[in-house]
Amino acid sequence: MTNPVSIYEKYFKDSKREPVLVDYVRTPIGKRRGTIVRHRGDDLIIHCYEALIKRNDFDMSLLGDSMVSCNSQIGECALDIGRNAALGAHLPVSVGGMSLNRHCASGAQAVLSAWQAVASGVHDAVICGGIELQNKYPIMADAFVFNEELGKPLMVAPNKKIMTNPEVAAKLEEYNTTLAGQINSAHVLGIHYFSKHNGISPKEFKGEYKDNLKQDLDQLSLLSHQKADKAWDDRGKEIEPIWCPKLDENGKPMLDEKNDVAKNEDLSVLTSRDEAPRPQSTMEALANLKTIAGRKSQAFLTAGNSCPTSDGAAAQIWMTRGLAEELGLRIRASILNFAIVGTDP
59 MTNPVSIYEK YFKDSKREPV LVDYVRTPIG KRRGTIVRHR GDDLIIHCYE ALIKRNDFDM
119 SLLGDSMVSC NSQIGECALD IGRNAALGAH LPVSVGGMSL NRHCASGAQA VLSAWQAVAS
179 GVHDAVICGG IELQNKYPIM ADAFVFNEEL GKPLMVAPNK KIMTNPEVAA KLEEYNTTLA
239 GQINSAHVLG IHYFSKHNGI SPKEFKGEYK DNLKQDLDQL SLLSHQKADK AWDDRGKEIE
299 PIWCPKLDEN GKPMLDEKND VAKNEDLSVL TSRDEAPRPQ STMEALANLK TIAGRKSQAF
359 LTAGNSCPTS DGAAAQIWMT RGLAEELGLR IRASILNFAI VGTDP
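See the structure below:
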């Protein structure tokens, strides 16, 4: 097996300008009705920035840009979350800021954009990150606008030209569906690819075929929860614990006299561990969960074998290898290669 080719070495000559990762941090990942969602979204990414600033003793004016990704850029995550994170963390005003959105790949894109900015010579150092508050701003929340005539928010429909794109139209006909929400789309694609793999038609997807797929998904889900728990000794080191407000008798977050999150056990709880993993679950418990999409005879997705809605933030610092060595910073990683490709919409 040949060694992978470094994309930097392939196109650039100066090894001292190779982008390297020098530090990274994240919040715990919150679950629905958990503690993390009680925060403002911008406070989560600011929390990560502050942690990186505190433990890295170099002139922060060396940072050329702040790149933050977010899928639902509304509410406190709007108005250029990258710039707001930099200002909120008290970085020098000279540090720029930008927001990014590549849907579920947004966090990866923030890292890649930081790498590209350093590799190209635009900046010597960049701070980047991502924030999502799905239990406050669900997927597609940014597609709603207030309708004055009806007096309520309505979702903006996808542009009709998307449906008339020949490749999209062919897929819609193949799947016998329309552009739907995330859960329904996952259900349709699951039936399509499972049926194709097993040499049956989607209409035949029921009975033992459905049961087999659901059992496989449940098993994969259970293993995922168990692995997340087992890996805690290593993964826990990347988490910056965060004080989260307790709730009062009315279910409202309890804040201090300045209307801020209190850093004490009277009003807050210190969250330091991911909230979603349930390693104590069993195959029997997963099998008994209600399905969440599709006709009853075909449904296989449940809250137990689907990804949860999550809340959290993460941040990294990238810089040239030469600058990292000059500052005496630990070089933790680099990127050998990457690819960007559109998939079935």
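Counting from 59, one number per residue, gives the positions in the sequence shown under the working numbering.
Cβ atoms here follow ideal geometry from the backbone N, Cα and C, with glycine treated the same way.
For clarity, every value in this text was computed on a predicted model and none was experimentally measured.
Check the C-beta distance from residue i over to residue j and give it rounded, since I have them as a contact under 8 Å.
i       : j       : result
Tyr-107 : Ile-185 : 7 Å
Trp-301 : Lys-288 : Contact flag wrong, Cβ pair sits at about 27 Å.
Pro-86  : Ile-297 : 6 Å
Cβ of residue i within 8 Å of Cβ of residue j?
i       : j       : result
Ser-127 : Leu-158 : yes
Gly-122 : Ala-183 : yes
Val-214 : Ile-220 : no
Glu-333 : Gly-179 : no
Tyr-82  : Gln-374 : yes
Ala-286 : Pro-366 : no
Asp-292 : Ile-94  : no
Arg-84  : Ala-371 : yes
Ser-171 : Leu-394 : no
Leu-385 : Phe-116 : yes
Taking 7 Å as the limit between beta carbons, can you name the residues of its chain near residue i, skipping five residues before and five after?
i       : result
Asp-100 : Glu-134, Cys-135, Ile-139, Asn-142, Ala-143, Gly-146
Asp-306 : Met-312
Ala-345 : Asp-276
Ser-119 : Pro-150, Ser-152
Lys-74  : Thr-378, Arg-379, Gly-380
Ser-164 : Ser-127, Cys-128, Asn-129, Leu-158, Gly-188
Pro-303 : Arg-96, Pro-311, Met-312, Leu-313, Val-319, Leu-325, Ser-326
Gln-167 : Ser-127, Leu-158, Arg-160
Pro-62  : Leu-394, Asn-395
Met-408 : Lying outside 59 to 403, the shown extent of the chain, residue 408 is not represented and no answer is given.
Pro-224 : none
Pro-260 : Ile-249, His-250, Ser-253
Lys-348 : Thr-360
Ala-109 : Val-83, Glu-298
For residue i, count neighbouring C-beta atoms within 10 Å of its own C-beta (all shown protein chains included) and say buried if the count is 16 or more, exposed if not.
i       : result
Lys-194 : buried
Thr-236 : exposed
Leu-280 : buried
Leu-208 : exposed
Glu-76  : buried
Phe-396 : exposed
Phe-202 : exposed
Val-319 : buried
Arg-96  : buried
Tyr-69  : exposed
Ile-36  : Given that the chain is displayed from residue 59 to residue 403, the structure contains no residue 36 and the question cannot be resolved.
Ile-258 : exposed
Ala-391 : exposed
His-416 : Coverage of the chain is limited to positions 59 through 403, which leaves residue 416 absent and any answer about it impossible.
Ala-382 : buried
Leu-212 : exposed
Leu-137 : exposed
Gly-92  : buried
Given residue i, which residues of its chain have a CB within under 6 Å of its CB, disregarding the five upstream and five downstream residues?
i       : result
Pro-414 : The shown model of the chain, from 59 to 403, leaves out residue 414, and the question about it has no answer.
Met-198 : none
His-479 : This structure cannot settle anything about residue 479, because the visible part of the chain is limited to 59 through 403.
Leu-191 : Gly-99, Asp-369
Leu-387 : Val-80
Ala-343 : none
Asn-363 : Leu-275, Asp-276, Ser-279
Pull up the DSSP beta-bridge partners for residue i, would you.
i       : result
Cys-186 : Met-125, Gln-374
Gly-88  : Asp-369
Val-78  : Met-377
Leu-158 : Ser-127
Thr-329 : Ile-300
Val-203 : Leu-212
Thr-349 : Thr-360
Leu-305 : Pro-311
Ala-391 : Leu-79
Leu-191 : Asp-369
Under the criterion of a Cβ to heavy atom distance below 7 Å, does residue i qualify as lining the ligand FMN?
i       : result
Glu-134 : With respect to small molecules bound, the structure shown includes none, and the ligand FMN cannot be examined in it.
CB-CB under 8 Å to residue i, same chain, minus the five flanking residues each way: which ones, in chain order?
i       : result
Ile-132 : Tyr-195, Ala-199, Asp-200
Ala-351 : Ile-241, Asn-242, Ala-244, His-245, Ala-357, Leu-359
Asp-402 : Lys-229, Leu-247
Phe-252 : Phe-263, Tyr-267, Leu-271
Gly-294 : Ser-330, Arg-331
Gln-338 : none
Asn-454 : The structure shown does not extend to residue 454, since the chain spans only 59 to 403, so no value can be given for it.
Lys-210 : Phe-204
Asn-114 : Val-80, Asp-81, Ile-375, Leu-387
At a Cβ threshold of 8 Å, is residue i touching chain B?
i       : result
Cys-302 : Chain labels in this structure do not include chain B; a single protein chain is all it has.
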